[in-house]
Amino acid sequence: MMQEQTEQVQEVLNKLRPFLLRDGGDVELVEVDEGIVRLRLMGACGNCPSSTITLKAGIERALMAEVPGVTEIEQVF
Numbered sequence: 000m001m002q003e004q005t006e007q008v009q010e011v012l013n014k015l016r017p018f019l020l021r022d023g024g025d026v027e028l029v030e031v032d033e034g035i036v037r038l039r040l041m042g043a044c045g046n047c048p049s050s051t052i053t054l055k056a057g058i059e060r061a062l063m064a065e066v067p068g069v070t071e072i073e074q075v076f
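Once you know that position 38 of the sequence shown is 37 in numbering that gives the first Met the number 0, the rest is easy, because the numbers rise by one and skip nothing.
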């Protein structure tokens, strides 16, 4: 289950990645642990003031909609 969930999260991130790259940023999956997805925002996204909004509004919504069992997204620095 965990491996499958991790793969699903990675697939969603791969779909979102072009939008982040367009703005000079990127995202790295750190881990998936019991429904909590830990991500590291990199490049321009890492220190962008709106990175929290990007994470919560964009990435979290997409992950929770597309990956069963995801309950929360945490940003890792």
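Every residue, glycine too, gets a C-beta built ideally from N, C-alpha and C.
Check	Outcome
Three-way DSSP call (helix, strand, coil) for Val-29 in this model	strand
Alpha-carbon to alpha-carbon, Pro-48 and Ala-64	25 Å
Opening and closing residue of the alpha helix (DSSP H) in which Val-36 lies	Run containing Val-36: none in the alpha helix (DSSP H); it sits in the beta strand (DSSP E), 35-42.
Where Thr-70 falls, given that 16 or more other Cβ within 10 Å makes a residue buried	exposed
For Gln-74 and Val-31, believed in contact at Cβ under 8 Å, the rounded distance	Rounded, the Cβ-Cβ distance is 14 Å, inconsistent with contact.
Option in Glu-59, Gln-9 and Leu-19 with minimal Cα separation from Gly-45	Leu-19
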